[in-house]
Amino acid sequence: MSRNLILGTLLTALFVGAALLSFVWTPYPTDTVAITERLQPPSAAHWLGTDHFGRDMLSLVMVGARTSIAVALVAVGIGLGLGVPLGLAAAARAGGWLDEAIMRMNDLIFAFPSLVIAILITAIFGPGATNAIIAIGIFNIPVFARLSRGAALSLWRREFILAARTAGKSAPRISAEHILPNIANLLIVQGTIQFSLGILAEAGLSYVGLGAQPPIPSWGRMLADAQTMVALAPHVAIIPGLAIVLTVLGLNLLGDGLRDRLDPRLGMVCA
Amino acid sequence: MLAYALKRLFILAISLAIASLVIFLVVEVAPGDPASFMLGINARPDTVAALRAELGLDLPVHERYLAWVSGMVQGDFGTSYTYRAPVAQMVAERVQVSLPLALYALLLSTLIAFPAGIFAAARRGKPGDVAVMGATQLGVAVPNFWFAMLLVLLFALKLRWFSAGGFPGWDDPLQGLKALTLPAVALALPQAAILARVMRSALIDILHEDFIRTARAKGLSRRQALWRHGVRNALIPVLTIIGLQFSFLLAGAIIIEQVFFLPGLGRLIFQAITQRDLIVVESVVMLLVFAVIVVTFVTDLAYAAVDPRLRRRR
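Line by line, the protein sequences give chains H and E.
Take 1 as the starting number for the first sequence in the UniProt record's numbering and just add one per residue.
Take 1 as the starting number for the second sequence in the UniProt record's numbering and just add one per residue.
Right under this line is the structure:
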């Protein structure tokens, strides 16, 4: 295993593990205010210190991981769930009106500055994790549609697909049974990249108050709260930021490592 | 080239038309009536109705859309519901902060990325390359608003070299530029990391081309071949990315302006959102989308001008 893959897997496992653990256990409850213990630096009792409400930062980071990962994961799911079928349909009818319509729609979504539209959607329909998911998810659709169309197009010219067509299989069936398994590696690699971008986007939206709303802890919200206290207690700003950086770094390394290991070109030939 | 330009221009017009329609409709379905919001909960129904008529909110949807679009084409973005001031004037004031900020960040990211990318490509696989690639890996993982907070902590609060936020205006250009320096650095870092990676990979591809081998065979040193032939050819894909980065910088500026309390388009849009000043929201968003679509169009044309193969391909 490459160094990228090992480090990426470890970092990703650390934060996904922390998020899962937070469902059953956190060092302290995150919804209890302890004003006497506010803004304490890291100590034996509070490994990562406390925030301006005296809440344990480690517990907040763990629950925040849950929010970030959930939002980014569902947003990737939207991209995969809608983008891949669209891309496969476009490839199956390459050059036709459906292909043209799907690709032009993708171009249009790409033309929009994603953050601006995410802000517009969450601003209009109200801030919150669900709208953040939709806003981020929309921009994942063209990414996966383009990727799966491009990969599928080259596969449609291959002999084993020709054999399937000769056997009388329909285009949707060929796409589902033969094309999809062959582009799965590519989708997994792209999925990790979109996942990391989703974590950054969620943090950005939460930071400006348009993502998950209090009392649900989120890393971006923690940074927004920390902004006025950064001089007083730098740890409240440093720790959530580090959590974001390490998670995104881990996912990027994992994506790079997977790409090296799976080698999409080889993957498509061999599978 | 003319046929290609006309085709791109047609796509540009269609994109702008659809974008304006989408933005208008999204804002249209927004819950809440601006007139009721402006007058408060105790307003009489007839007063609300009168204000709705004054703002043109009682007209059919298609008429309001056409009025909005034709107004924008003529530079009239409507009147802010909250400030009762022309939106175009408010936007013009804020652009004086946001545009220089995005351009400053673009300049910085290019100045950082070019040497870093060239350095890494020239030392491929060596410790220098590994160090640069490691730094870029970190650079793309850092949220720019968090990096901005760290810059404030170090350079404004500890060292006191810069102010922690605010903008003094352009009366003294040096002071204005100074106020935009930390925000521009924060915006530039992730883009520089991406650009350095593109520069490196473009250069590595070019260095494997036959013409580089020919140049070396003709007696050019590795360094001469790299600079005279490699960098120049690698610039084509890199310039395209720089063009596309402009949209990320404009959008990124929205959040960075929040960190530094800069009176730019970002703060305008957030103020308008909280005040449900939807005419301002849709106009600013449309302006940003317009900027991105036009920059993409210009980048496409510039790319096609230097690479004729692209014109034939499309």
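Quick reminder that beta carbons are idealized off the backbone N, C-alpha and C, glycines included.
Note that the structure is a prediction, hence the values are computed from the model and not measured.
In the displayed model, Asp56 of chain H falls within a strand according to three-state DSSP. Here Val289 of chain E really is in contact with Ile23 of chain E; their C-beta atoms are around 7 Å apart, less than 8 Å.
In this structure, the alpha-carbon of Thr110 of chain E lies about 41 Å from that of Gly96 of chain H.
At least one C-beta of chain E is nearer than 7 Å to the C-beta of Pro113 of chain H.
Around Gly252 of chain E, the beta-carbon contacts reaching into chain H at under 8 Å are Leu115. The three-state secondary structure of Thr26 of chain H, taken from DSSP, is coil. In terms of CA proximity to Trp227 of chain E, E:Ile118 leads the group E:Leu249, E:Ile118, E:Asp58.
If you draw a 10 Å sphere on the C-beta of His62 of chain E, you find fewer than 16 other C-beta atoms in it, and that means exposed. Within chain E, not a single residue places a beta-carbon under 9 Å from that of Asn131 of chain H; the smallest gap is close to 12 Å. Within the segment 224 to 238 of chain H, the residues whose Cβ lies closer than 7 Å to some Cβ of chain E are Gln227, Val230, Ala231, Pro234, Ala237, listed in chain order.
In the pairwise beta carbon analysis, the segment 216 to 236 of chain E is classified as not touching the segment 123 to 137 of chain E: fewer than three pairs are separated by under 8 Å.
The three-state reading of DSSP puts Pro234 of chain H in coil, since its state is none of H, G, I, E or B. Thr79 of chain E is bridged by DSSP to E:Pro86. Listed in chain order, the positions of the segment 134 to 155 of chain H with a beta carbon within less than 8 Å of a beta carbon of chain E would be empty, since no residue qualifies.
Contact of Leu120 of chain H with chain E is assigned, a C-beta pair being separated by under 7 Å.
With a beta-carbon spacing of about 7 Å, Leu187 of chain H and Phe144 of chain H fall inside the 8 Å limit used to define contacts.
The beta carbon of Val280 of chain E sits no closer than 7 Å to any beta carbon of chain H. Where Pro183 of chain E is concerned, the enclosing alpha helix (DSSP H) starts and stops at 173 to 207. Using beta-carbon distances, Tyr28 of chain H does not count as an interface residue toward chain E, since no partner is under 7 Å.
The DSSP-derived three-state label of Thr240 of chain E is helix. Straight-line measurement puts the Cα of Leu58 of chain H at about 13 Å from the Cα of Gly17 of chain H.
For the pair Asn106 of chain H and Leu98 of chain H, the Cα-to-Cα distance works out to about 12 Å. When the alpha-carbon of Gly64 of chain H is set against those of H:Pro234, H:Glu202, H:Ala94, the nearest one is in H:Glu202.
In the structure shown, Thr214 of chain E adopts helical secondary structure according to DSSP, grouped into three states.
Judged by DSSP in its simplified three-state form, Thr136 of chain E adopts helix.
If you draw a 10 Å sphere on the C-beta of Ala92 of chain H, you find 16 or more other C-beta atoms in it, and that means buried. Just so you know, the alpha carbons of Leu7 of chain H and Leu25 of chain E end up roughly 46 Å apart. The beta carbon of Phe155 of chain E does not come within 7 Å of any beta carbon belonging to chain H, so the residue lies off that interface.
A direct Cα-to-Cα measurement between Val298 of chain E and Asn42 of chain E gives close to 51 Å. By the rule that beta-carbons nearer than 7 Å mark a contact, Ala123 of chain H touches chain E. Residues of the segment 199 to 222 of chain H whose Cβ lies closer than 7 Å to any Cβ of chain E, in chain order: Leu200, Ala203, Gly204, Tyr207, Val208.
When the beta-carbon positions are compared, Ile199 of chain H and Ser68 of chain H come within less than 7 Å of each other. Met1 of chain E counts as exposed, since fewer than 16 other beta carbons sit within 10 angstroms of its beta carbon.
Residue state for Thr32 of chain H is assigned as coil, using DSSP reduced to three classes. At least one beta carbon of chain H lies nearer than 7 Å to the beta carbon of Val285 of chain E. The segment 238 to 254 of chain E and the segment 99 to 110 of chain E touch, with no fewer than 3 CB-CB distances between them shorter than 8 Å.
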